[in-house]
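What follows is a single structure, written as structure tokens, with notes after it.
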Amino acid sequence: MTFLEIIRDPSTILPIRYTGSFREALKEKIQHFGQVIDNSDNLSMAIEGINLDQAVFKKRNKILRNGILNTIDAYYEGDPSKAYRILSTALKESNLTGYLNKEFELPENSNLFRIRKETKNYPLSKEELFHIPFELRSKVSTQRYSIPGLPSLYLANSIYVAWEEMRRPGFNEIHATRIVNNRPLMLLDLTNDIFARNKHLVDNLSYNWQLLYKVMAWPLIAACSVKVQNTEDPFKPEYIIPQLLLQWVNKNTVYGIKYSSTHIDLNKSAHEGLFYNVVIPVRTFKIERGQCHELKNTFKSTRVIPLQIRQFITFSDRLDHQTSILDNVNPDISGVELIEGHLQKYSSTIFGILEHNLNGIELETFD
1 MTFLEIIRDP STILPIRYTG SFREALKEKI QHFGQVIDNS DNLSMAIEGI NLDQAVFKKR
61 NKILRNGILN TIDAYYEGDP SKAYRILSTA LKESNLTGYL NKEFELPENS NLFRIRKETK
121 NYPLSKEELF HIPFELRSKV STQRYSIPGL PSLYLANSIY VAWEEMRRPG FNEIHATRIV
181 NNRPLMLLDL TNDIFARNKH LVDNLSYNWQ LLYKVMAWPL IAACSVKVQN TEDPFKPEYI
241 IPQLLLQWVN KNTVYGIKYS STHIDLNKSA HEGLFYNVVI PVRTFKIERG QCHELKNTFK
301 STRVIPLQIR QFITFSDRLD HQTSILDNVN PDISGVELIE GHLQKYSSTI FGILEHNLNG
361 IELETFD
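full-length UniProt numbering applies: residue 1 is where the sequence shown begins, and numbers increase by one.
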């Protein structure tokens, strides 16, 4: 099988849903993927003039697969530090980050968004929509990409994705802001949309290194894309690998993680576009109050708009100083299907209109 055929294979579809044992379900998925890789003898022709050494690729992928499964075993043994060492070694020996290149950078001046639930209609400050300050680190709870006590900055490539991540808060509760990076940022790409949406790929070289990377990284992407079975339980095994990865990011040159929302299933909707989140852990560890200086110097933000206030301002899709909204208000997204069977242009949704308004508000540095 070629890289494209592997990506189109039903066994690679994510996220993973399971019943019974998390460890056994993940093991079965990863081992089956390993059989697909091991039995493939025509993975790819030369990419950008560079020949692929299939034996080396298969060896590295096996290292990653085994490392992930051994990491879970060590964690289940009650030794999270050993689990981290195993995962870190597997990432190094598989040379996963070596497959990252300029294509995986978040370009400078990318529009990213955050929302927060707030019942009052007085705008929050932009700092209140940045990461949780250090003096409130006790409020940082366990989430898929959240280590208790470690503040991180969570961003989405659209208001819609942020809304889904917040479990669809009510119209009157949304305070939103646009946050922009001042420089390119290298991210570990764990998005899984290509495994559900790949009809646009015409051959094995359609996306240069991206197909190779996605196949190489699939075991890691899969381990981070398991739907939580018991949402009320304090321990969620589905979070083991994502949380250890966040710890690994802080010790490596990768700046953050780009990942797909498990609350958006592209296998079950007609959404058109790219839907992802970005998490960036703080880089400052020796202060007890305030927010990370490095992250504040890396990003700028608009002032915060409460959605209900925005609706009071005008029925139009634009503020007075703006031109009318264009279809490509968000280059990543062309349409969303929120009512089954009805695909709506993103530019005509409240999400797109709010992004258009935020695009017209001046960026400011953080205090």
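Heads up, the beta-carbon is just placed ideally off N, CA and C, and yes, glycines get one too.
Neighbour-count burial assignment, residue i, 16 or more Cβ in a 10 Å radius
i: P234; result: exposed
i: L178; result: Looking at the sequence shown, residue 178 is not Leu but Arg. Buried, since its Cβ has 16 or more Cβ neighbours within 10 Å.
i: A55; result: exposed
i: H32; result: exposed
i: Q35; result: exposed
i: R167; result: exposed
i: Y76; result: exposed
i: I313; result: exposed
i: A74; result: buried
i: P306; result: buried
i: R65; result: buried
i: F275; result: buried
i: N277; result: buried
i: A270; result: exposed
i: P331; result: exposed
i: G256; result: buried
i: F171; result: exposed
i: L4; result: buried
i: K286; result: exposed
i: L253; result: According to the sequence provided, residue 253 is Thr. The question's Leu does not apply to it. The residue is exposed, with fewer than 16 neighbouring Cβ atoms inside 10 Å.
i: T71; result: buried
Host beta strand (DSSP E) of residue i (start-end)
i: I352; result: Here residue 352 is Gly; the residue named in the question, Ile, does not match the sequence. First-last for G352: 350 to 359, but that is the alpha helix (DSSP H), not the beta strand (DSSP E).
i: I339; result: 333 to 339
i: M186; result: 185 to 190
i: P15; result: Taken as a continuous stretch (DSSP letters only), P15 belongs to no beta strand (DSSP E), as it is neither H nor E.
i: G67; result: No beta strand (DSSP E) contains G67, which is instead part of the alpha helix (DSSP H) from 54 to 76.
i: K258; result: 256 to 259
i: Q344; result: 342 to 345
i: L112; result: 111 to 117
i: R137; result: Neither: R137 is in no beta strand (DSSP E) and is coded neither H nor E.
i: F299; result: 299 to 301
i: R178; result: 174 to 181
i: I280; result: 277 to 281
Simplified DSSP assignment, three categories, for residue i
i: P242; result: helix
i: S44; result: coil
i: R289; result: coil
i: P148; result: coil
i: Y84; result: helix
i: E272; result: strand
i: L307; result: helix
i: E128; result: helix
i: I325; result: coil
i: E364; result: strand
i: I264; result: coil
i: L96; result: helix
i: V228; result: coil
i: Y154; result: strand
i: E294; result: helix
i: E105; result: strand
Integer Cβ distance of residue i from residue j, believed to fall under 8 angstroms
i: L153; j: H131; result: 4 angstroms
i: T284; j: E294; result: 6 angstroms
i: T12; j: L43; result: Wrong, their Cβ atoms sit about 14 angstroms apart, outside the cutoff.
i: K82; j: E173; result: About 42 angstroms; that fails the 8 angstroms criterion.
i: F22; j: Q229; result: 7 angstroms
i: K258; j: L150; result: Between L150 and K258 the Cβ distance is about 18 angstroms, and since that is not below 8 angstroms, they are no contact.
i: R60; j: S94; result: 4 angstroms
i: R289; j: P123; result: Contact doesn't hold; Cβ gap of about 23 angstroms is too wide.
i: Q308; j: N121; result: 6 angstroms
i: L244; j: Y84; result: 5 angstroms
i: F366; j: K268; result: Not quite, the Cβ-Cβ distance comes to about 38 angstroms (not below 8 angstroms), so this is no contact.
Cut-off 7 angstroms between Cβ atoms - residues of its own chain near residue i, not counting five sequence neighbours on either side
i: K29; result: I16, A222
i: P184; result: E105, L106, P107, E108
i: I159; result: F113, I115, A176, F351, L354, E355
Proximal residues to residue i (C-beta, below 6 angstroms), its chain only, five neighbours per side dropped
i: H356; result: I325, V329
i: I68; result: P219, A223
i: residue 424; result: Nothing about residue 424 can be reported from this structure: the residues present for the chain run from 1 to 367 only.
i: I333; result: S158, G273, Y346
i: K236; result: V228
i: L319; result: N357, G360
Contacts around residue i, its chain only, beta-carbon distance under 8 angstroms, and the 5 residues preceding and following it disregarded
i: V180; result: N109, S110, N111, L112, F299, K300, S301, L363
i: I7; result: I194, F195, N198, L201, L211, K214, V215
Residue i: first and last residue of the uninterrupted alpha helix (DSSP H) it sits in
i: H32; result: 22 to 38
i: A217; result: 209 to 223
i: I159; result: 159 to 165
i: F3; result: 3 to 8
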